[in-house]
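*Asks:*
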Amino acid sequence: MSQLTQLSDAPSFDFKEYRGLDDKVLNLRIKAVKQNLGDRLVILGHHYQQDGVIAHADLRGDSLQLSQLAGERDCDAIVFCGVHFMAETADIVSNTPEKIESRDGRRVTVMLPDMAAGCSMADMAAINQVQDAWDDIGEVIDTNDITPVTYINSAASLKAFCGRHNGIVCTSSNADRVLRWAFERTSRVLFFPDQHLGRNTALAMGIEDSQMPVWNPYDDDLGGNSVQQMKDSRVILWKGHCSVHQMFKPEHVHDFRDKHPGIKILVHPECPREVNDIADISGSTGKILKTVQEAPAGTKWAIGTELHLVNRLKQEHPEQEIHFLSPVMCMCATMYRIDLAHLCWTLENLAAGTPVNVVRVDEETSRWSDVALQRMLDLG
Ligand code: SF4
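Following our numbering, the numbering of the sequence shown begins with 10 at its first residue and continues without gaps.
#1: How far does the beta strand (DSSP E) with VAL244 in it reach, from first residue to last?
#2: Please state whether the Cβ-Cβ distance between ALA169 and TRP354 is less than 8 Å.
#3: Once DSSP output is grouped into helix, strand and coil, what is the label at THR210?
#4: Measure how close the beta-carbons of ASP71 and HIS93 come, nearest whole angstrom, since I'm counting them as under 8 Å.
#5: Specify the secondary structure class of ALA169 as computed by DSSP and reduced to three states.
#6: Buried or exposed: where does GLN58 fall if 16 or more other Cβ atoms within 10 Å of its Cβ makes it buried?
#7: With LEU322 and HIS261 assumed to form a contact (beta carbons below 8 Å), what rounded beta-carbon distance in angstroms separates them?
#8: Pull the bridge partners of VAL88 from the DSSP assignment, please.
#9: Which residue comes first and which comes last in the beta strand (DSSP E) that contains PHE200?
#10: Just the Cα atoms here: how many angstroms apart are THR118 and GLY271?
#11: Would you kindly report the start and end of the unbroken beta strand (DSSP E) that includes HIS93?
#12: Just to confirm my understanding: we take ALA360, look at its own chain, exclude 5 residues before and 5 after, and list those with CB closer than 7 Å. What are they?
#13: Along the chain, where does the beta strand (DSSP E) containing ARG189 start, and where does it finish?
#14: Closer than 7 Å to a non-hydrogen atom of ligand 1 - does that hold for the CB of CYS280?
#15: Look at the alpha carbon of ALA342 and the alpha carbon of SER242, and state the distance between them as a whole number of angstroms.
#16: At 3 residues or longer, what runs of the beta strand (DSSP E) sit wholly inside the segment 18–71?
#17: Would you kindly check if the distance between the Cβ of ILE331 and the Cβ of TRP310 is under 8 Å?
#18: Name the two residues that bound the continuous alpha helix (DSSP H) containing VAL276.
#19: Buried or exposed, going by whether 16 or more other CB atoms sit within 10 Å of the CB of ASP379?
#20: Rounded to whole angstroms, what is the Cα-Cα separation between LEU30 and TYR345?
#21: In chain order, which continuous runs of the beta strand (DSSP E) of length 3 or greater are located wholly inside the segment 256–335?
#22: Taking the alpha helix (DSSP H) that CYS353 falls in, what are its first and last residues?
#23: Taking the C-alpha atoms as reference points, what is the distance between MET137 and SER166?
#24: Measure from the alpha carbon of GLU26 to the alpha carbon of each residue in ARG369, ASP387, GLN255, ASN358, then state which is nearest.
#25: For ILE150, which of helix, strand or coil comes out of DSSP?
#26: What is the C-beta distance between CYS339 and LEU316, in whole angstroms, given that I count them as a contact (C-beta under 8 Å)?
#27: Go to THR462, then tell me how far its alpha helix (DSSP H) extends in each direction, as first and last residue.
#28: Can you tell me which of the three DSSP states ARG369 falls into?
#29: Give me the Cβ distance between PHE257 and CYS280, rounded to the nearest whole Å; I'm assuming they're in contact under 8 Å.
#30: Apply the 10 Å Cβ neighbour rule to VAL253 and answer buried if 16 or more other Cβ atoms are within range, or exposed otherwise.
#31: Taking ASN65 as the reference, which of GLN383, ASP387, LEU349 has the closest Cα?
#32: By DSSP's criteria, TYR160 is part of a beta bridge. Which residues make up the other side?
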C-alpha cells in the first residue's frame with residue numbers, strides 16, 4: 010500500500026498546533042510538503058477560494074472541471090480546496106472501478122481540509138426529502154414521465170438518485186442542454202436543489218412560470234402545491250437557493266446603471282430571476298471569466314457572483330473597470346473555512362501517512378452517481 014493512501018485512526022498532528030501559526034510559516038511548510046510529495050499530490054482550488062489558498066493550487070477551476078482534471082492525473086492524493094460535494098465528485102470521478110483496476114487496485118485518497126466546508130444550497134435537499142417528494146408526486150402524476158435533474162452542487166446521494174431514476178446531473182454551463190435532453194425523454198422535470206438555475210434556464214427555453222411549481226420539502230401537502238399545479242407542471246423546482254447569489258437584488262442593477270452609464274451587468278444564473286432577467290449577460294463561472302477575458306480594454310462591468318472571484322478578476326484585468334454588483338459582501342462563507350492552517354494540517358498529516366478528512370463515497374452511491382454524471386458528460 011502506498012504511504013499516501015494508508016489510513017490511520019489518529020492523525021499525527023493535532024489541528025490546534027496550527028491555529029496560531031503565521032501565514033509565512035504556513036506557506037513555507039505547505040511548499041515543503043508539495044515539494045516532498047511531487048506529482049503524487051494534486052491540490053485543487055475552486056474559483057471562489059481565497060487568494061492565499063489559491064496560490065498553492067495546482068489546478069484552478071469550477072467543481073466539475075477540477076474533478077475531471079484530477080481524474081485524468083496519475084496521483085495518489087487529491088486535496089480539494091472547495092466544499093464537500095466537490096470532494097465527493099472528485100472521489101467518484103477518480104475512483105471508478107475501471108480507474109482503480111487500471112491502478113492495480115489503488116484508490117486515490119481525496120481530502121477536504123475542513124469537513125465543515127459544506128454548501129448551503131446542497132444542504133437544502135436531503136436524499137430522504139427528495140425520495141419523499143418523488144413518492145408524493147407519484148400519487149398524482151406518473152413519475153415515469155419525469156426526469157430528475159440535479160445540479161452538480163448536490164450531495165452524491167442525490168446524484169445517485171438521478172442515476173437510478175433515468176435522470177442526469179447538470180452544471181450551470183450546460184443546464185439548457187440537459188433540460189433539452191430530459192424533454193426528449195419525458196414531458197416533465199424535477200429540478201433540484203437550486204430553484205433559480207432551474208427557473209432561469211427553463212424561462213429562457215420558453216417554459217412559462219406558471220408551469221414551474223416550487224416544491225417546498227417542509228410542506229407535507231404536495232410540497233405546497235395543488236394537484237392541478239402538479240398536472241400542469243413542466244419543471245418542478247426544488248425550494249433551494251445559493252445563500253451567496255440570492256443576495257443580489259434588482260436595485261443593485263439599477264443603482265449601477267444610474268451611476269455608471271454604459272456599464273454591463275454580468276451575473277451567474279444562481280441569482281434570482283428578478284436580477285437574471287435584467288442583466289446584460291447571465292452565465293456560468295466559465296462564461297463570466299471568458300466574457301471578461303475577451304472584452305476590450307475600458308469595458309465597465311458590475312459582476313454578480315462570489316466576491317473572491319470578482320476580486321481576482323479585478324486584479325487580473327486592470328485594463329477593465331470591474332465592480333462587485335452588491336454593496337454587501339457576498340462570499341461563500343463555507344468555502345472560506347478552508348484556510349492556510351487547514352491546508353497545512355491536511356498536507357502534513359498526509360505526508361506523515363495519516364490522512365485526515367478523507368472523503369469517500371460508498372461504492373453503490375458512487376456507481377449510480379457516476380451513471381448520472383456520465384449521462385451529462387456524454388452530451389458533450
Ligand atoms: S457559492 Fe453557493 S452554491 Fe457555491 S458552494 Fe457556496 S453556498 Fe454552495
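Heads up, the beta-carbon is just placed ideally off N, CA and C, and yes, glycines get one too.
*Replies:* Checking against the coordinates, here is how it stands:
#1: Locating residue 244 in the sequence shown gives position 235, where the first residue counts as 1. Its beta strand (DSSP E) spans residues 244–247.
#2: Indexing the sequence shown from 1 puts residue 169 at position 160. Indexing the sequence shown from 1 puts residue 354 at position 345. Their beta carbons are not under 8 Å apart, which means ALA169 does not touch TRP354 by this criterion.
#3: Walking along the sequence shown from the start, residue 210 turns up at place 201. Reduced to three states, the DSSP call for THR210 is helix.
#4: Along the sequence shown, read from residue 1 onward, the residue named residue 71 stands at position 62. Along the sequence shown, read from residue 1 onward, the residue named residue 93 stands at position 84. Cβ-Cβ separation between ASP71 and HIS93: approximately 16 Å, too far for a contact (criterion under 8 Å).
#5: Position 160 of the sequence shown, counted from the start, is the residue given in the question as residue 169. Three-state DSSP puts ALA169 in a helix.
#6: Counting from 1 along the sequence shown, the entry for residue 58 is found at position 49. So GLN58 ends up on the buried side.
#7: Start at 1 with the first residue of the sequence shown, and residue 322 comes out as number 313. Start at 1 with the first residue of the sequence shown, and residue 261 comes out as number 252. Their Cβ separation, rounded to whole angstroms, is 17 Å, which puts LEU322 and HIS261 out of contact at 8 Å.
#8: Walking along the sequence shown from the start, residue 88 turns up at place 79. Answer is ILE52, MET120, bridged to VAL88.
#9: Indexing the sequence shown from 1 puts residue 200 at position 191. Note, PHE200: beta strand (DSSP E), 197–201.
#10: Within the sequence shown, numbered from 1, the residue matching residue 118 stands at position 109. Within the sequence shown, numbered from 1, the residue matching residue 271 stands at position 262. Computed Cα separation, rounded: 49 Å.
#11: Locating residue 93 in the sequence shown gives position 84, where the first residue counts as 1. HIS93 -> not in any beta strand (DSSP E); alpha helix (DSSP H) instead, spanning 93–103.
#12: Counted from its first residue, the sequence shown places residue 360 at position 351. The answer, listed in chain order, is VAL42, ASN45, LEU46.
#13: As a position in the sequence shown, residue 189 is number 180, starting the count at 1. According to the DSSP assignment, ARG189 belongs to no beta strand (DSSP E) but to the alpha helix (DSSP H) extending over 184–194.
#14: Residue numbering aside, residue 280 sits at position 271 when the sequence shown is read from its first letter. No, ligand 1 has no heavy atom inside 7 Å of this Cβ.
#15: Here residue 342 refers to the residue found at position 333 when the sequence shown is read from its first residue. Here residue 242 refers to the residue found at position 233 when the sequence shown is read from its first residue. Rounded to the nearest angstrom, the two C-alpha atoms are 35 Å apart.
#16: 50–55, 68–70
#17: For the purposes of this step, residue 310 is taken as residue 301 along the sequence shown, with counting starting at 1. For the purposes of this step, residue 331 is taken as residue 322 along the sequence shown, with counting starting at 1. Less than 8 Å separates the beta-carbon of TRP310 from that of ILE331.
#18: Counting from 1 along the sequence shown, the entry for residue 276 is found at position 267. Careful: VAL276 lies outside any alpha helix (DSSP H), inside the beta strand (DSSP E) at 273–276.
#19: The residue you call residue 379 lines up with position 370 of the sequence shown. When all chains shown are included, ASP379 counts as buried.
#20: Position 21 of the sequence shown, counting from 1, holds the residue named residue 30. Position 336 of the sequence shown, counting from 1, holds the residue named residue 345. Approximately 18 Å, taken between the alpha carbons.
#21: 273–276, 309–313, 330–333
#22: The residue you call residue 353 lines up with position 344 of the sequence shown. First-last of the alpha helix (DSSP H) with CYS353: 349–360.
#23: As a first step, residue 137 is located in the sequence shown; it is residue number 128 there, counting from the start. As a first step, residue 166 is located in the sequence shown; it is residue number 157 there, counting from the start. According to the sequence as given, residue 137 is Asn; it is not Met. When the Cα atoms are used, ASN137 and SER166 turn out to be separated by approximately 10 Å.
#24: If you number the sequence shown from 1, residue 26 lands on position 17. Nearest C-alpha to GLU26: ASN358.
#25: On the sequence shown, residue 150 is found 141 positions in, with the first residue counted as 1. DSSP places ILE150 in coil when its eight states are reduced to three.
#26: Walking along the sequence shown from the start, residue 339 turns up at place 330. Walking along the sequence shown from the start, residue 316 turns up at place 307. Going by Cβ atoms, the distance from CYS339 to LEU316 rounds to 6 Å, so yes, they are a contact pair.
#27: Any question about residue 462 goes unanswered here, given that the chain covers just 10 to 389.
#28: Within the sequence shown, the letter at position 360 stands for residue 369. Here ARG369 sits in coil by DSSP.
#29: Taking the first residue of the sequence shown as position 1, residue 257 is located at position 248. Taking the first residue of the sequence shown as position 1, residue 280 is located at position 271. Contact flag correct, Cβ pair sits at about 5 Å.
#30: Taking the first residue of the sequence shown as 1, we reach residue 253 at position 244. Buried: at least 16 other Cβ atoms inside 10 Å.
#31: For the purposes of this step, residue 65 is identified with residue 56 of the sequence shown, where counting begins at 1. The sequence as given places His at residue 65; Asn does not occur at that position. Nearest of GLN383, ASP387, LEU349 to HIS65, Cα basis: LEU349.
#32: Looking up residue 160 in the sequence shown gives position 151. TYR160 pairs with CYS179.
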